[in-house]
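Residue numbers (this note's numbering): 125 to 406.
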């Protein structure tokens, strides 16, 4: 991906140089789990949940490493690309104006409008404050632990969270959460999968526009994104954790589903073609 030396977004809030402490009370952490949080690792986050604290910012600070600085610049450029792309797509395809989100970079723990979260939660989007949250150390995990290498794999992660913002702008997340409140566990999981696969498809739409109109996509980038989508499929994560994949427990979709919906969005370049909720087969 061509990103070095390019314009970054003004909507990045960098909290990585500020330590996060704990305040009393569990607060809204449960909401992070209920809402679409887009976590990828398959890590058990109950140790954090059981800590009883919501992260708050303290006065302690530190200097960012060169690697952290570079990761922040990368995210800023990708976010700027999403702003440019969706600001074109919304009026062209949806007849409305796009309101870009803010993206918060954090390290370790963070407080959001959906409650507290830790790095183990993975990247997530909070509809309450219209912000995406990302610990840039996740990029190293994506590459070293999950085997999803390349800068476009990381760009896919950012684009996926911004796709959740697109869903929020269109009122989809509100409808999904309302349906979840009245559904059983199996149906809630199905709704989560449909939501995540739609975000994958919307990420593919972004990639198509970034290639056609911004010229930032290089040979091999799409393979990197598809490999990332495969690496974070529920079946792959469950298998890597030593468990037999159980489709009824999936919350993000299988590797094949995630790849297929990203590819669909890229090939068709249309928001309308990302309607996973009406699809006869995922």
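Every residue gets a Cβ at the ideal spot worked out from N, C-alpha and C, and that includes glycine.
From a predicted model like this one, the values you see are computed outputs, not experimental measurements.
Alpha carbon of residue i to alpha carbon of residue j, nearest angstrom
{"i": "residue 194", "j": "residue 404", "result": "43 Å"}
{"i": "residue 381", "j": "residue 388", "result": "10 Å"}
{"i": "residue 296", "j": "residue 192", "result": "34 Å"}
{"i": "residue 125", "j": "residue 333", "result": "14 Å"}
{"i": "residue 338", "j": "residue 272", "result": "24 Å"}
{"i": "residue 263", "j": "residue 391", "result": "26 Å"}
{"i": "residue 254", "j": "residue 365", "result": "32 Å"}
{"i": "residue 128", "j": "residue 345", "result": "15 Å"}
{"i": "residue 217", "j": "residue 274", "result": "30 Å"}
{"i": "residue 356", "j": "residue 220", "result": "32 Å"}
{"i": "residue 399", "j": "residue 278", "result": "24 Å"}
{"i": "residue 331", "j": "residue 201", "result": "14 Å"}
Reference residue i, options the options, closest by Cα
{"i": "residue 206", "options": "278, 384 and 287", "result": "287"}
{"i": "residue 198", "options": "304, 335, 355 and 283", "result": "283"}
{"i": "residue 327", "options": "303, 350, 305 and 280", "result": "280"}
{"i": "residue 377", "options": "341, 391, 353 and 290", "result": "353"}
{"i": "residue 187", "options": "218, 219, 238 and 138", "result": "138"}
{"i": "residue 469", "options": "402, 250, 252 and 244", "result": "Because the chain in this structure spans residues 125 to 406, residue 469 falls outside the shown range and cannot be described."}
{"i": "residue 248", "options": "368, 204 and 285", "result": "285"}
{"i": "residue 320", "options": "340, 347 and 289", "result": "289"}
{"i": "residue 323", "options": "386, 307, 361 and 236", "result": "386"}
Residue i - partner residues in DSSP beta bridges
{"i": "residue 137", "result": "228"}
{"i": "residue 234", "result": "241"}
{"i": "residue 258", "result": "229"}
{"i": "residue 398", "result": "For residue 398, which the question treats as bridged, DSSP gives no partner whatsoever."}
{"i": "residue 248", "result": "257"}
Cβ-Cβ separation, residue j to residue i (assumed contact under 8 Å), whole Å
{"i": "residue 185", "j": "residue 240", "result": "Between residue 240 and residue 185 the Cβ distance is about 20 Å, and since that is not below 8 Å, they are no contact."}
{"i": "residue 203", "j": "residue 227", "result": "5 Å"}
Residue-chain proximity (residue i, chain C), Cβ-Cβ < 8 Å
{"i": "residue 245", "result": "Going by chain labels, chain C is absent from the structure shown, which holds only one protein chain."}
> When the Cβ atoms of the stretch 302-317 are set against those of the stretch 364-378, are three or more pairs found closer than 8 Å?
Replying inline: Taking 8 Å as the limit for Cβ pairs, the verdict is that the stretch 364-378 does touch the stretch 302-317.
>> With three or more beta-carbon pairs closer than 8 Å as the criterion, would you say the stretch 392-402 touches the stretch 201-219?
In response: These segments touch.
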